[in-house]
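Reading through the structure tokens given below for one structure.
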């Protein structure tokens, strides 16, 4: 998990931020898109980078910070590799999205107030409607939609992700006790 | 190819019509619902089987050979409930719940032998007899629908400009640019009586006229695709299923008001819509239908996409403008209206996706034709996303003026699992809950407003007897509260207090004074908030208080939840017959309200119990019973 500490990230790929800024013409009206791309790169918005972006765009750090904290999509804390978005739109809500959320959190062993697993593999969020009301209750893992969820399906789904992770890059030693 | 003028475009359209219309086509729904149910595997199976059978599926081969099927992945066909959906053209056979295993059968039976695969068609039991409808147009779900906005959605490949052109795509733009003055275009839209489909219902033509009259060096058209209402997915389906119609509508609007730039603002949660729109924009530029000197008329129009970043308030015009400018998406007081001073301080027209998609149809077929649908004050159609406890969850388009009963029971197929209808929430968190008594209310802007609801963007959530109305009101309030941007006090503080009171009611801790305060606060927030979010946030509370007051009273006075949803309205009892006096329950009880001695059944002190359910989970003998409080047995 130390791999994602800002100073390390900064040292490694500062030029990536520059490339993103360049692409958007150092134009502050593109700030949201710039932050989106930075978040894509780092999985969150490191504070140092926000300050750097502000200087580069000739706006105050408060302005950039204000935008970064306004929109639900942005995170100032590191997010997991996979983002699980449990839909809590109306259709999903009346069909039991709370149980789905509880099942996801329980499976990942998240404590109250915690949204990201310590190994930085998963972040759990709730979103208001992903537009898959016919499949309520639904959730998204990254960009993939999974519908008609229940406790059992949640377990199977997350197990499959865990297996993939373990099969793939088991070398980074991030997998913990939760596989079983 | 680049279309240098209208004639070139028209010739190409004729050519493409010959290629696509009336041809044998296999359409596989690529809408989100069907994709999540496995439509991709069905599509791939069709590819494999058609290739193996020598029924080559490529469009190029299909040209000139009427019998060779073309395989197409379309946008949403609407009946998401029964996906993955497959349609066979030209006859219009609709197959439901198609799995890859069924593909061989469809190819063999339908494509080769022209017969219907019986077990895949729509069937419904009526009076003990099973009725089935193999053709899409006859299926009850589709029978009442009129498709203007969704004219191409579900019948063309959204990533193929040719297919859009084959359906007279960009012909409306060509006609506007070559035959009509900007004032003619505005006049036609005014005559059609098109009203904003985002919810407010403001006449589109008038909005355009305001922006046209302002003199400025630059003007903007903004397409509002920030569909944030939980439970609404109409705009998403259109952007994903027919992206060119959005672009064409914007270009016509741009011509009408004198704008040469347009922005499409799309929610971050809709990655597929963004992808399809990007492709469509790129294709339109390559064909000379966007950019400089469109169709040789001198008209220039550029379209860019701006992705939102997750803020419901950005659906509000002025907040949306702030967001496009790269700022916090907070609303500003109006006037000045965006039509005078909008994006980057320039006159700006902001139209909803659905509104803009209506425009090419109006230009092509005329205001008279458009007015032949719907009612006098609300002409045309409206798309709805039916969801909740309804049989046919999905996307529909119906003429305005249809009654809620027809919409929910005829089109939507009624309530799931034979339950009783309780209420319908229309217009999302800004709308209201309507009851059984409103079922015969015509769906148009004015009738809904009169009943305390709004048309909204088209989310329609059906609630059955198992849904607690108070809990639903709390749910909507928690949504608007967390989405309140915090700029104005009534909305920021008011929604918070309303949510607290609703939480108290749901937790069984509220009094009648709380209820009165809730109502008072709701009225203040409605009157005093700065923007549409705050002004409409109290609607769910106000309408449920108006139509379901007894259910609030049940919660507050009797501590009863008639729908058996609110956990605090339960009671835990120990069945003395089953209790073995092991004491496990007493040990886990966090408030020590269970007492007992060895060999004597334990007892729960109801006054101290916090209904946490720990004892229920701990008991190894299933001796703990949950009883829902009922009126009278308190």
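Residue numbers (our numbering), protein chains in the order written: chain A, 1 to 180; chain B, 1001 to 1634. Here a beta-carbon is modelled for each residue, glycine too, at the ideal position from N, C-alpha and C.
Check, Outcome
"Three or more C-beta pairs below 8 Å linking the region 1014 to 1021 of chain B and the region 110 to 123 of chain A", "no"
"Interface flag, residue 1436(B) vs chain A, CB-CB below 8 Å", "no"
"Best match in 1447(B), 1443(B), 1469(B) and 1044(B) for proximity to residue 1458(B) [C-alpha to C-alpha]", "1443(B)"
"Residues in the region 66 to 96 of chain A having any Cβ partner in chain B nearer than 9 Å", "66, 67, 69, 70, 71, 72, 73, 74, 85, 87, 88, 89, 90, 91, 92, 93, 94 and 95"
"Delimiting residues of the alpha helix (DSSP H) encompassing residue 140(A)", "Careful: residue 140(A) lies outside any alpha helix (DSSP H), inside the beta strand (DSSP E) at 139 to 141."
"Residue of 1323(B), 1133(B), 1213(B) and 1111(B) minimising C-alpha distance to residue 1225(B)", "1323(B)"
"Contacts of residue 1230(B) in chain A (Cβ-Cβ under 7 Å)", "89, 90, 128 and 129"
"Amino acids of chain B, ordered along the chain, whose beta-carbon sits closer than 9 Å to that of residue 145(A)", "1032, 1033, 1035 and 1036"
"Selection of the region 1313 to 1330 of chain B by Cβ proximity to chain A, strictly under 9 Å", "1314, 1323, 1324, 1325, 1326, 1327, 1328, 1329 and 1330"
"Cβ pair residue 1288(B), residue 1313(B) closer than 8 Å", "no"
"Residue 1213(B) versus 1231(B), 1134(B) and 1346(B), residue with shortest Cα-Cα distance", "1346(B)"
"Cβ-based contacts, 7 Å cut-off: residues of the region 1071 to 1082 of chain B near chain A", "1080 and 1081"
"Of the residues 41(A), 85(A) and 76(A), the one placed nearest residue 51(A), counting alpha carbons only", "76(A)"
"Residue environment, residue 1638(B), which counts as buried when at least 16 other CB atoms sit within 10 Å", "No answer is possible for residue 1638(B): the residues shown for chain B start at 1001 and end at 1634."
"Partners in chain B for residue 51(A), counting only beta-carbon separations shorter than 8 Å", "Going along chain B, no residue has its Cβ under 8 Å from residue 51(A), so there is no contact; the nearest lies around 17 Å."
"CA-to-CA distance, residue 1378(B) to residue 1131(B), given in whole angstroms", "35 Å"
"contact_flag[the region 1522 to 1534 of chain B, the region 1399 to 1417 of chain B] where n(CB pairs < 8 Å) is 3 or more", "no"
"8 Å CB neighbourhood of residue 1569(B) in its chain, flanking five on each side removed", "1508, 1555, 1559, 1560, 1561, 1628 and 1629"
"Environment of residue 1293(B) [buried if 16+ CB atoms lie within 10 Å]", "exposed"
"Through-space distance from residue 1538(B) to residue 1404(B), alpha-carbon basis", "22 Å"
"Chain B contact for residue 162(A) (CB, 8 Å cutoff)", "no"
"Own chain residues within Cβ distance below 6 Å of residue 1318(B), not counting five before or after", "1331 and 1332"
"Interface flag, residue 1389(B) vs chain A, CB-CB below 8 Å", "yes"
"Members of the region 30 to 50 of chain A near chain B, C-beta cut-off 7 Å", "30, 31, 32, 33 and 36"
"Touching by the beta-carbon criterion (3+ pairs, under 8 Å), the region 117 to 135 of chain A and the region 1383 to 1398 of chain B", "yes"
"Simplified DSSP state of residue 1547(B), which is helix, strand or coil", "helix"
"Straight-line Cα distance separating residue 1616(B) from residue 1639(B)", "The structure shown has nothing for residue 1639(B), since chain B only spans 1001 to 1634."
"According to DSSP, residues forming a beta bridge with residue 1628(B)", "1570(B)"
"Extent of the continuous alpha helix (DSSP H) to which residue 1481(B) belongs", "1469 to 1483"
"CB contact below 8 Å: residue 136(A) versus chain B", "yes"
"Alpha carbon of residue 1336(B) to alpha carbon of residue 1210(B), nearest angstrom", "12 Å"
"Contact check, residue 1166(B) vs residue 1013(B), beta carbons under 8 Å", "yes"
"Residue 1152(B) and residue 1217(B) closer than 8 Å at C-beta", "no"
"Beta-carbon spacing of residue 1197(B), residue 1354(B) below 8 Å", "yes"
"Residues near residue 1413(B) in its chain [Cβ-Cβ closer than 6 Å; skip 5 each side]", "1391 and 1392"
"CB contact check: residue 243(A) to chain B, cutoff 8 Å", "Residue 243(A) falls outside the range modelled here, since chain A spans only 1 to 180, and no answer is possible."
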